[in-house]
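Chains as they are written, first to last, in the working numbering: chain U, 67 to 169; chain A, 1204 to 1479.
Backbone N, C-alpha and C define an ideal beta-carbon position, used for all residues, glycine too.
All remarks here apply to the structure that follows.
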Amino acid sequence: MSETATAMQGPGVAEELRKRPYVVVFLILAVVTFVELSVNGLGLPRLETILILVVLATIKGSLVVAYYMHLRYEPRWLALIPLAGLALVAVLVAALTATVAHS
Amino acid sequence: MAHSETAGEPKEHHGSPWPVIIAVGMGVGYVGIVLANIPILLAGVAIFASGTGGWVHQDLQQPSSAFYGLVAAVESKFPKVSARKLGIWLFLVTEIMFFSAIIGSSWTLRLRTGTPGLPSFQGLWATPGEILNVPLTGANTFVLICSSLTMVEALAAVERGDQAKLRLFSLATLLLGITFLGIQAFEYQHLYFGEGLTFTHAPLGVNPLYGATFYAQTGVHGSHVTAGVLGLAYVTRKAFKGGFTKENHEAVELAGLYWHFVDVVWIFLFTIVYLI
């Protein structure tokens, strides 16, 4: 059982849940999505456009994982599981980049 | 939740044959794929579907399920996270690798065949909005974000013991998921038959691999959304039957983890496929 669930058994359930910024996160996600749709129209150089879009997507993804998937409220060690997956992704990206560069 | 389910009078668990039937169905199905044998594949799908249906039906008949054996052993090692949640997170890591492979291979094809000057060059990649309808998909992205909010609100509702809002938000999430799939189906129909973007051909002189990578990336995501919608249908049905309580609602949380993960994948796919 998670700390989240354990906390939910106590008397401060409603108070605990009220503190969770689900709607605020939603509003940020919506605004960032709108910004994403506008970035290509700014006429920025290609590389800058890609970097901005990747950073915005990373912000959105991190918010969903931290707040909606409750990773922020779980024991810290649980984050090691998705981080291990991301480390493997980094290896894959490095290998593909090297392969493409070699070609 | 795990602790509440094991608290009180211990119940003997009688197990379920359905997971085994599901596994057999998947095995038969894969044999059908490997042998390119449609009847065997369909037989596997039928066994898989009946196993899944049987398992869901069985689960809907009972308010909770027991934690026992291996699960109890795992929870003794990791007492602050339930074994099921741990399992879902491990499963999601495998999904990260799966999507990384699909996206990575698509990017490799894009760079190798879409870069002028390379011997493997086959044509330029489409620019954002040249073929794909970015505003429509932007709206669909918003739909998925809304569904993440309603999903997490459903969980918060059952954690408070608010059955009415659990039913409301579960149903809303299900409908938003179906809406996402509906818009994607409309998009596919328009692109394939209207624009002529197929698996082997792209309009406007665009690289012919553009369509294949587009359908591969968005298609596997769509199949995951479909699986999520089926899971949400189960959660919603059980919620309407009063099958979740303040103390026993882990299925809502686990279905939510999967659903949010599908949302995260789409956040990156939307950027990579539609905006870059």
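Query	Result
Which whole-angstrom value describes the C-beta separation of residue 1463/A and residue 1354/A, a residue pair presumed to lie in contact below a C-beta threshold of 8 Å?	7 Å
Let me see if you follow: with CB-CB separation under 7 Å, is residue 1269/A close to chain U or not?	Unreliable positioning characterises residue 1269/A in this predicted model, as indicated by a pLDDT of 48, which lies under 50. The coordinate reading is nonetheless provided below. Not closer than 7 Å to any Cβ of chain U, the Cβ of residue 1269/A fails to qualify, so no.
Under 8 Å Cβ-Cβ, which residues of chain U neighbour residue 1378/A?	Chain U residues near residue 1378/A: none, gap ~17 Å exceeds 8 Å.
What does the Cβ neighbour count give for residue 1372/A, buried or exposed, with the cut at 16 atoms within 10 Å?	buried
So is residue 148/U buried or exposed if we call it buried at 16+ other beta carbons inside 10 Å?	buried
Distance check for residue 1340/A and residue 1346/A, CA to CA, integer angstroms please.	9 Å
Jot down the residue ranges of each uninterrupted beta strand (DSSP E) in the segment 79–164 of chain U, minimum 3 residues, whole runs only, in chain order.	none
Given a threshold of 16 other Cβ atoms within 10 Å of its Cβ, counted over all protein chains shown, does residue 1261/A qualify as buried or as exposed?	exposed
Could you list which residues in chain A have their beta carbon closer than 7 Å to that of residue 123/U, in chain order?	1470, 1471 and 1474
Between which residues of its own chain and residue 1229/A is the CB-CB distance below 8 Å, once the five residues before and five after are set aside?	1247 and 1251
Got a sec? Which residues, its chain only, sit under 7 Å from residue 1219/A by beta carbon, not counting five neighbours each side?	1258 and 1261
Whose Cβ in chain A lies nearer than 8 Å to the Cβ of residue 111/U?	Here the premise fails: no neighbours, minimum Cβ distance about 13 Å.
Name the two residues that bound the continuous alpha helix (DSSP H) containing residue 1343/A.	1337–1363
Tell me which same chain residues have a C-beta within less than 7 Å of the C-beta of residue 1428/A, skipping the five on either side of it?	1380, 1383, 1384 and 1465
Below 8 Å on the Cβ atoms is my guess for residue 1425/A versus residue 1461/A; work out the distance and round it to an integer in Å.	Not confirmed; about 15 Å, so no contact.
State the DSSP-derived secondary structure class of residue 1284/A, mapped to helix, strand or coil.	coil
Would residue 1435/A pass as a contact of residue 1377/A if the rule is Cβ separation under 7 Å?	yes
Expressed to the nearest angstrom, what Euclidean distance is found between the alpha-carbon atoms of residue 146/U and residue 156/U?	15 Å
Given a cut-off of 7 Å on the beta-carbon distance, is the pair residue 166/U and residue 1311/A in contact?	yes
Whole angstroms is fine: what's the gap from residue 159/U's alpha carbon to residue 125/U's?	19 Å
Please determine if the segment 1388–1403 of chain A and the segment 1318–1327 of chain A are in contact, where contact requires at least 3 C-beta pairs separated by less than 8 Å.	no
Name, please, each residue of chain U whose Cβ falls closer than 7 Å to the Cβ of residue 1341/A.	99 and 103
Whole angstroms is fine: what's the gap from residue 92/U's alpha carbon to residue 1343/A's?	15 Å
Determine whether the Cβ of residue 94/U lies closer than 7 Å to any Cβ atom of chain A.	no
Ordered along the chain, which non-local residues of its own chain (more than five positions away) have a Cβ less than 6 Å from that of residue 69/U?	Note that residue 69/U scores 41 on pLDDT, short of 50, meaning its location in the model is unreliable; the coordinates nonetheless yield the value given after this. Around residue 69/U: no qualifying Cβ.
For chain A, find out if any of its Cβ atoms is closer than 7 Å to the Cβ of residue 88/U; answer yes or no.	yes
Can you round the beta-carbon distance between residue 1244/A and residue 1256/A to whole angstroms, since I take them to be within the 8 Å contact cut?	With a Cβ gap of about 18 Å, residue 1244/A and residue 1256/A do not count as contacting.
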